[in-house]
Amino acid sequence: MISPARPTAHPLGLTWSLLAAGALAACASTGGDTDPLQPGSQGGASVDGTEGPAPEPPVPGAVLANDLIQPGETRFKNLWRLTFGGQNAEAYWSFSDDRLSLQLRETNEKDDCDQIYVTSPSGDLRQVSTGRGVTTCAFFMPGDDHVLYASTQSGHVGCPIKPESVGYTWMLWPDYEIYVTDLKTGEETTLVSEYGYDAEATVSPLGDRIVFTSTRSGDLELWTCDLEGNDLVQVTDTPGYDGGAFFSHDGQRLVFRATAWTPGNEAEEQQRYREDLDRWQVRPNSMEIFTVAADGSDRQQVTTLGGANFAPYFTPDDQRIIFATNHHDPAERKFNFDIFLCDLDGGGLEQVTHFDGPPGKKFDGFPMFSRDGKYLAFASNRGAGAPGDTDVFIAEWAD
Ligand SMILES: [Ca+2]
Ligand SMILES: [Ca+2]
Ligand SMILES: [Ca+2]
1 MISPARPTAH PLGLTWSLLA AGALAACAST GGDTDPLQPG SQGGASVDGT
51 EGPAPEPPVP GAVLANDLIQ PGETRFKNLW RLTFGGQNAE AYWSFSDDRL
101 SLQLRETNEK DDCDQIYVTS PSGDLRQVST GRGVTTCAFF MPGDDHVLYA
151 STQSGHVGCP IKPESVGYTW MLWPDYEIYV TDLKTGEETT LVSEYGYDAE
201 ATVSPLGDRI VFTSTRSGDL ELWTCDLEGN DLVQVTDTPG YDGGAFFSHD
251 GQRLVFRATA WTPGNEAEEQ QRYREDLDRW QVRPNSMEIF TVAADGSDRQ
301 QVTTLGGANF APYFTPDDQR IIFATNHHDP AERKFNFDIF LCDLDGGGLE
351 QVTHFDGPPG KKFDGFPMFS RDGKYLAFAS NRGAGAPGDT DVFIAEWAD
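Going by my numbering, the sequence shown opens with residue 1, and the numbers climb by one from there.
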């Protein structure tokens with residue numbers, strides 16, 4: 001099922017959608033699919049048969065796609081599609097809610113790696129990463145004139161080739177550093193740099209701190225720093241993966257994903273985890289959602305669902321958490337990821353997305369609310385031409 005030649009793995013989990021593709025056809029994209037900047041024929045569909053002016057897209061270039069709202073997706077008042085084919089995900093809102101940064105890959109070719117793009121007033125997507133190495137996890141800086149992202153460009157000119165591994169793992173390239181690019185001048189500066197994995201950075205809505213994931217302490221932990229990359233604070237100190245964090249809107253807490261050990265089997269699993277980490281790899285198949293105060297105190301487990309729970313984000317009132325999970329997939333190999341909501345204690349579970357098709361057409365994940373709460377950006381296989389194609393969507397949210 002899984003292509004052993006697949007060159008990159010995705011720190012925040014995009015690879016799950018590729019896994020869901022089953023056998024990965026080489027160069028799965030065809031025709032217009034290879035140009036994600038070009039609106040396709042599936043967008044702009046009519047809204048449930050009613051006439052009237054189409055609602056304004058929340059981001060220039062997004063095309064109305066209400067035909068892709070699935071039965072049961074009652075939280076979606078309208079749906080727009082931003083990309084059309086390839087691998088596109090992790091679309092995160094600017095501070096002013098009028099732009100998205102995202103990562104985009106046009107094909108599954110070995111020499112094609114995720115690069116960072118931003119939306120622009122003209123409706124085009126604009127590449128802002130250098131094109132060297134593999135990149136991940138972009139986020140707007142306060143003021144929206146700069147974007148941070150992680151890249152292996154200090155160690156790789158092209159796309160790094162994933163070494164042989166046992167089973168399904170993510171690569172934690174030690175060349176990953178966190179850079180800030182000036183959207184006006186293209187000037188790039190290094191924000192965070194240390195031997196080992198440094199990636200998955202996001203910025204507090206207060207605009208004063210950055211959280212990221214690093215192996216610098218010898219384990220995968222959350223760290224925060226100021227906007228210049230100084231005043232480093234280690235937030236987590238727990239065996240296992242701690243990463244993929246976002247701040248609450250009041251800047252007080254972090255929501256993140258962490259390895260879930262099997263009770264009674266911790267020692268064996270942690271030994272295997274250490275062996276993977278020594279090869280710069282991590283297995284993402286068993287993770288739960290946690291919160292912690294930004295200073296590292298008061299760690300709380302949110303979900304106890306089993307399976308892979310990831311990409312958590314606070315609702316605009318900080319009272320609930322939206323996240324992606326496959327816990328509900330009855331299949332032994334759980335490829336159907338969907339977006340769920342839950343309370344801060346894990347109760348009140350509510351399924352938000354319901355897209356489930358054939359292999360490679362099941363994934364929904366990476367939810368992020370706009371700061372005003374009106375829109376939810378997410379990634380999904382829905383509307384995909386080729387199995388595994390993942391596109392960025394924006395839903396108008398119904399409270
Ligand atoms: Ca590094
Ligand atoms: Ca840890
Ligand atoms: Ca799904």
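Using N, Cα and C, we set each Cβ at its ideal position, and we do this for glycine too.
- Message: Measuring only the C-alpha atoms, how far is Gln-70 from Asp-175?
- Response: Along the sequence shown, one-based indexing puts residue 70 at 70. Along the sequence shown, one-based indexing puts residue 175 at 175. Going from the Cα of Gln-70 to the Cα of Asp-175 covers about 41 Å.
- Task: Would you list the residues sitting across from Asn-88 in a DSSP beta bridge?
- Result: Counted from its first residue, the sequence shown places residue 88 at position 88. Answer is Leu-104, bridged to Asn-88.
- Message: Applying the 10 Å Cβ sphere with the 16-neighbour rule, what's the burial state of Tyr-241?
- Response: Residue numbering aside, residue 241 sits at position 241 when the sequence shown is read from its first letter. Tyr-241 should be labelled buried.
- Task: Give the straight-line distance between the Cα atoms of Ala-324 and Glu-200, rounded to the nearest whole angstrom.
- Result: Counting from 1 along the sequence shown, the entry for residue 324 is found at position 324. Counting from 1 along the sequence shown, the entry for residue 200 is found at position 200. Straight-line measurement puts the Cα of Glu-200 at about 16 Å from the Cα of Ala-324.
- Message: Pop quiz: Asn-309 and Arg-272 are said to be a contact at Cβ under 8 Å. What is the actual Cβ separation, rounded to whole angstroms?
- Response: Start at 1 with the first residue of the sequence shown, and residue 309 comes out as number 309. Start at 1 with the first residue of the sequence shown, and residue 272 comes out as number 272. Contact between Asn-309 and Arg-272 fails: their C-beta atoms lie close to 20 Å from each other, not under 8 Å.
- Contact check, Leu-79 vs Ala-91, beta carbons under 7 Å: For the purposes of this step, residue 79 is identified with residue 79 of the sequence shown, where counting begins at 1. For the purposes of this step, residue 91 is identified with residue 91 of the sequence shown, where counting begins at 1. Cβ atoms of Leu-79 and Ala-91: not closer than 7 Å.
- Straight-line CA distance for Gly-383 to Leu-68? Position 383 of the sequence shown holds residue 383. Position 68 of the sequence shown holds residue 68. Each residue's Cα considered, the two are about 7 Å apart.
- Task: Write down every uninterrupted run of the beta strand (DSSP E) in the stretch 97–155 whose length is 3 residues or greater and which is fully enclosed by it, in chain order.
- Result: 100–105, 115–119, 125–127, 135–140, 146–151
- Query: Around the C-beta of Lys-184, are 16 or more other C-beta atoms found within 10 angstroms, so that it is buried, or is it exposed?
  - Reply: Taking the sequence shown and counting its residues from 1, the one referred to as residue 184 is at position 184. Taking a 10 Å sphere around the C-beta of Lys-184, we find fewer than 16 other C-beta atoms and assign the residue as exposed.
- Does the Cβ of Asp-338 lie closer than 6 Å to at least one heavy atom of ligand 3? Translated into the one-based positions of the sequence shown, residue 338 becomes position 338. Yes; taking the cut-off as 6 Å, the Cβ of Asp-338 has a heavy atom of ligand 3 nearer than that.
- Item | Residues sharing a beta bridge with Ala-324, DSSP | One-based indexing of the sequence shown puts residue 324 at position 324. Answer by DSSP bridge pairing, in chain order: Phe-310, Ile-339.
- Item | Phe-212 beta carbon less than 7 Å from that of Asp-144 | Within the sequence shown, numbered from 1, the residue matching residue 144 stands at position 144. Within the sequence shown, numbered from 1, the residue matching residue 212 stands at position 212. Not closer than 7 Å, so no.
- Helix, strand or coil: which one does DSSP assign to Gln-270? Numbered from its first residue, the sequence shown carries residue 270 at position 270. Reduced to three states, the DSSP call for Gln-270 is helix.
- Query: From Glu-396 to Arg-99, what distance separates their C-alpha atoms?
  - Reply: For this step, residue 396 is matched to residue 396 along the sequence shown. For this step, residue 99 is matched to residue 99 along the sequence shown. Cα-Cα distance, rounded: 15 Å.
- Message: Given the structure, does Phe-247 come close to ligand 3, in the sense that its CB is under 6 Å from one of the ligand's heavy atoms?
- Response: Within the sequence shown, the letter at position 247 stands for residue 247. No, Cβ of Phe-247 sits at least 6 Å from all heavy atoms of ligand 3.
- State buried or exposed for Ser-370, treating a residue as buried only when at least 16 other CB atoms are found within 10 Å of its CB. Along the sequence shown, read from residue 1 onward, the residue named residue 370 stands at position 370. Classification for Ser-370: buried.
- Message: Using CA atoms only, rank isn't needed, just tell me which of Gly-167, Asp-389, Lys-362, Thr-303 is closest to Gly-347.
- Response: Within the sequence shown, the letter at position 347 stands for residue 347. Selected option, being the one with the closest Cα: Thr-303.
- Message: Residues around ligand 1, please: the ones whose beta-carbon is closer than 7 Å to some heavy atom of it, in chain order.
- Response: Pro-174, Asp-175, Tyr-176, Glu-177, Ser-193, Glu-194, Tyr-195, Gly-196, Tyr-197, Asp-198
- Message: Whole angstroms are fine: how far does the CA of Thr-189 sit from the CA of Glu-177?
- Response: The sequence position of residue 177 within the sequence shown is 177, counting from 1. The sequence position of residue 189 within the sequence shown is 189, counting from 1. Each residue's Cα considered, the two are about 11 Å apart.
- Query: Relative to ligand 2, is the shortest distance from any of its heavy atoms to the C-beta of Glu-221 smaller than 6 Å?
  - Reply: Position 221 of the sequence shown, counted from the first residue, corresponds to residue 221. It does: the Cβ of Glu-221 is within 6 Å (strictly closer) of some heavy atom of ligand 2.
- Is Thr-291 near ligand 2, in the sense that its beta carbon is under 6 Å from a heavy atom of that ligand? On the sequence shown, residue 291 is found 291 positions in, with the first residue counted as 1. The answer is no for Thr-291.
- Task: Could you tell me the boundaries of the beta strand (DSSP E) in which Asn-78 lies?
- Result: Taking the sequence shown and counting its residues from 1, one reaches residue 78 at position 78. Residues 76–81.
- In the DSSP assignment, what residue or residues form a beta bridge with Cys-159? One-based indexing of the sequence shown puts residue 159 at position 159. None, per the DSSP bridge assignment.
- Message: Mapping the DSSP letters down to three states, classify Leu-172 as helix, strand or coil.
- Response: Position 172 of the sequence shown, counted from the start, is the residue given in the question as residue 172. Leu-172: coil per DSSP, three-state reduction.
- Message: Just to confirm before moving on: does the CB-CB distance between His-327 and Gly-306 stay below 7 Å?
- Response: For this step, residue 327 is matched to residue 327 along the sequence shown. For this step, residue 306 is matched to residue 306 along the sequence shown. Taking a C-beta distance under 7 Å as the contact criterion, His-327 and Gly-306 qualify as a contact pair.
- Separation of Val-352 from Arg-333, as counted between CA atoms: The residue labelled residue 333 in the question sits at position 333 within the sequence shown. The residue labelled residue 352 in the question sits at position 352 within the sequence shown. Their Cα atoms are separated by approximately 21 Å.
- Nearest to Leu-254 by alpha carbon, out of Leu-125, Ile-321, Phe-340? Looking up residue 254 in the sequence shown gives position 254. For the residues Leu-125, Ile-321, Phe-340, the minimum Cα distance to Leu-254 belongs to Ile-321.
- Item | Limits of the beta strand (DSSP E) - the one that Arg-299 falls within | Position 299 of the sequence shown holds residue 299. Boundaries cannot be given for Arg-299, as no beta strand (DSSP E) includes it and DSSP labels it neither H nor E.
- Message: So, for Thr-215: in the same chain, excluding its five sequence neighbours on each side, which residues have a beta-carbon less than 6 Å away from its beta-carbon?
- Response: Walking along the sequence shown from the start, residue 215 turns up at place 215. So the list reads Gly-196, Tyr-197, once near-sequence residues are dropped.
- Item | Proximity winner among Ala-331, Tyr-117, Asp-298, Pro-359, relative to Gln-252 (alpha-carbon distances) | Against the sequence shown, residue 252 aligns to sequence position 252. Minimum Cα distance to Gln-252 is reached at Asp-298.
- Query: With respect to 6 Å, is the separation between the Cβ of Phe-139 and the closest non-hydrogen atom of ligand 3 below this value?
  - Reply: Looking up residue 139 in the sequence shown gives position 139. For ligand 3, not one heavy atom lies less than 6 Å from the Cβ of Phe-139.
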